[in-house]
Amino acid sequence: MGELLGTVISKDTNPNSSEFAFVITNNKARKGQFVMLDTAEGKMIARISDIIKTNRYFERAESVQEFERAGKSLTELFPADRWEYLVGEAVTLGVYSEEKLMRSSFPASPGTKVHMAENDILSNFFGLDGNKGLEIGKVEYHDLPVKINMTKLFQKHLAILAMSGAGKSYLTSVLMEELMERQAEHGQMAVIVIDTHGEYVGFAEDPKYRDNADIVLGKDFKIGVPHISANTIAQFIPSMSSVQKRELTRLLSSMYAEKKGQTFNLKDVLDYIDESDTKSTTKGILYTLLLSLHQTRLFGNYDNPPLDKIAKPGHMTIIDISDMVNLRNKQMVVTYLSTKLFEARRANKIPPYVLVIEEAHNFAPEGIRAEGAISKRIIEKIAREGRKFNSCLCLISQRPINLSTTALSQCNTHMILRVNNPYDLKHIGESSEGVTSDVLKTISSLRVGEALIVGEAVNYPLFLKVRKRKSKKNERGTALEEACLNFRKQEKLKDEDLQAFI
Ligand SMILES: Nc1ncnc2c1ncn2[C@@H]1O[C@H](COP(=O)(O)OP(=O)(O)OP(=O)(O)O)[C@@H](O)[C@H]1O
Ligand SMILES: [Mg+2]
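Each residue of the sequence shown is one higher than the one before, counting from 0 in numbering that gives the first Met the number 0.
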């Protein structure tokens, strides 16, 4: 067993089968730590739920008051400070008997020594994978690396939730490092990131990762027209009627047959519609609808990035859409890419992958119909069906309350960092299994870089300190002062140019 922390004491209501208290003889004991002790059933494992200081000299309000009123301090008159004790309160989590973890059904005996839990027992208790797990941090107060089994984490979907600035993107970068560094013989996934703020571009500049990381800028993202169907176009225009869709299908198939082997873009489709024999009202509407798509500049002669470039094992593709302003255009990128990846995976054309979506509440918002958020339907579909094909989502959001509950409820593992908005906390409490009220309270007091994992990836809610990242941080973001100075320099140059011109 680990270091000795104290001894079980006898109180009115405990020790019982679910809790006990112990006097702390080693001031390394901390709230949240895991402890072990011998019981008649085997080795009991428990969590310190709180630490209380007691002193019997100060128990009775009237005697403290009387002494103080007489101008005498209790600590001067009596050896009161020697009677201050620390008492740990612990909740039992289970008992190891013959290597198996069982529910405890019998109390520990008063007088039993309480020890810090050993690392291998803890690792087993949480269901960590010390061998080939993804190492994302350390268990708080224990020197135990948190190595999460990749299958358990990505068999279904993952949600990373926290308020702004709590460390979601940092934790995601750490996860990506682990996925990219993973040995081929342990099984590698492809990683595709929808990078809304250009935060992950540092990977492509870092000598350690750049060979396995590619960036595609939003302005270069293209939907290859010769491959799209009327269905795909209808995904972007939810208001399209079935008559219009049928007509578009007819037109596209005859156009594709005519232009077989050639490349063409949406402008060519528009011309084709214009010259067709379609009834004038339908033609007019189809033309207007497709013209609005053409104006997004998202369509081209071929797909960029092509599928075989984005979905490679151990490789990451960063779709940096930070240069795109229009939310609908960003949603179109997400819609097209996630549909394409999902279908290719379903046909086993690409390896298992994880699609990381930053600001997921903008792509699958709760309470907004499909017309208002075109990417919502496909994200919910992958959330529901993706696990059958190892098509995994990692949804990141600072407003969990605005994120589709259908999608969130399919995320079987939640990584939660600091959240202090009461509505979001309530929502997390309702949507994350295993989050009890004392765990919820702790979430609002987490510091930057401290996280809680709940759900299928771990057997028990686990608080951890996220490890330091190894990859280069994005250099694109500049500090405020630097941005002000840059702006000033730029204005000065403009002035000089103007003077030179005059
Ligand atoms: N584990 C950590 N160790 C050290 N620094 C951290 C850690 N996590 C986050 N930080 C720092 O805290 C700041 C905010 O982190 P980050 O950008 O990851 O937050 P976020 O939750 O993604 O915020 P937003 O919602 O605005 O995107 C960054 O400067 C980051 O470097
Ligand atoms: Mg972020």
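All C-beta atoms in this analysis are idealised placements derived from N, C-alpha and C, irrespective of residue type, glycine included.
> With distances taken between CB atoms, is the gap from V333 to F362 smaller than 7 Å?
Replying inline: yes
>> Going residue by residue through the region 415–468, where are the continuous alpha helix (DSSP H) segments of at least 4 residues, counting only ones entirely within it?
In response: Listed in chain order, they are 421–430, 436–442.
> Looking at E357 and I395, is the spacing between their C-beta atoms short of 7 Å?
Replying inline: yes
>> What would DSSP say about V324, mapped onto helix, strand or coil?
In response: coil
> Alpha carbon to alpha carbon, how far is I378 from I159?
Replying inline: 16 Å
>> Rounded to the nearest angstrom, what separates R376 and T231 at their Cα positions?
In response: Cα-Cα distance, rounded: 13 Å.
>> Please report the distance separating the alpha-carbon of E270 from that of L402.
In response: With the sequence shown as reference, residue 270 is identified as Asp, and Glu is not the correct amino acid for it. If I take the Cα positions, the gap works out to 40 Å.
> Excluding the five sequence neighbours on either side, which residues of its own chain have a C-beta within less than 6 Å of the C-beta of Q187, listed in chain order?
Replying inline: R181, P312, G313
> From this set, A256, D49, G31, which residue's C-alpha is nearest E502's C-alpha?
Replying inline: Within the shown structure, residues of the chain are numbered from 0 to 501, placing residue 502 beyond reach of any answer.
> T295: which of K472, K266, E274 sits nearest, CA to CA?
Replying inline: K266
> Can you give, in chain order, each stretch of the alpha helix (DSSP H) that sits fully within the region 107–167 and has at least 4 residues?
Replying inline: 118–125, 149–153
> For E449 versus K151, is the C-beta spacing smaller than 7 Å?
Replying inline: Using a Cβ distance threshold of 7 Å, E449 and K151 do not count as a contacting pair.
>> Using only CA atoms, which one of E429, S443, E246 lies nearest to Y286?
In response: Selected option, being the one with the closest Cα: E246.
> What is the C-beta distance between P351 and N389, in whole angstroms, given that I count them as a contact (C-beta under 8 Å)?
Replying inline: 4 Å between Cβ atoms; contact.
>> Following a CB-centred definition, is A165 positioned closer than 6 Å to any heavy atom of ligand 1?
In response: yes
> Going by other Cβ atoms of all chains shown within 10 Å of its Cβ, with 16 needed for buried, is P78 buried or exposed?
Replying inline: exposed
> For K244, which residues of its own chain have a beta-carbon under 7 Å away from its beta-carbon, when the five flanking residues on both sides are left out?
Replying inline: Excluding residues within five positions, the ones whose Cβ falls inside 7 Å are A229, A233.
> Per DSSP, D37 forms a beta bridge with which residues?
Replying inline: K42
> Does the beta carbon of S396 fall short of 6 Å from some heavy atom of ligand 2?
Replying inline: no
> Which whole-angstrom value describes the C-beta separation of V190 and V355, a residue pair presumed to lie in contact below a C-beta threshold of 8 Å?
Replying inline: 7 Å
>> Using only the alpha-carbon positions, how far apart do L127 and M162 sit?
In response: 27 Å
> Among L340, K425, H293, which one has its Cα closest to the Cα of D307?
Replying inline: L340
> Alpha carbon to alpha carbon, how far is Y96 from R344?
Replying inline: Residue identity differs from the one stated: residue 96 is Ser in this sequence, not Tyr. C-alpha separation (whole angstroms): 43 Å.
> Is V22 closer than 7 Å to T6 when the C-beta atoms are compared?
Replying inline: yes
> Counting along the chain, where does the alpha helix (DSSP H) carrying M254 start and finish?
Replying inline: 241–257
>> What does the Cβ neighbour count give for G283, buried or exposed, with the cut at 16 atoms within 10 Å?
In response: exposed
>> Please return the same chain residues whose Cβ sits closer than 6 Å to the Cβ of L461, not counting the five positions on each side in sequence.
In response: F125, I452
> Can the beta-carbon of L92 be found less than 7 Å from the beta-carbon of R29?
Replying inline: The Cβ-Cβ distance between L92 and R29 does not fall below 7 Å.
> Going by DSSP, which residues form a beta bridge with G5?
Replying inline: I23, V113
>> At a threshold of 6 Å, does S502 count as lining ligand 2 (C-beta to nearest heavy atom)?
In response: Absent from the structure is residue 502, since the part of the chain shown begins at 0 and ends at 501.
> Quick one, are the C-beta atoms of C107 and L36 less than 7 Å apart?
Replying inline: Position check: residue 107 holds Ala in this sequence, whereas Cys was assumed. Cβ atoms of A107 and L36: closer than 7 Å.
> Which one of Y459, L445, G70 has the shortest CA to CA distance from V434?
Replying inline: Y459
> Can you pull the DSSP bridge partners for D213?
Replying inline: Partner(s): T316.
>> For N420, tell me which candidate among S443, I373, I51 has the shortest Cα-Cα distance.
In response: S443
> For ligand 2, any of its heavy atoms closer than 6 Å to the Cβ of S470?
Replying inline: no
> The alpha helix (DSSP H) with E490 in it runs from where to where?
Replying inline: 479–500
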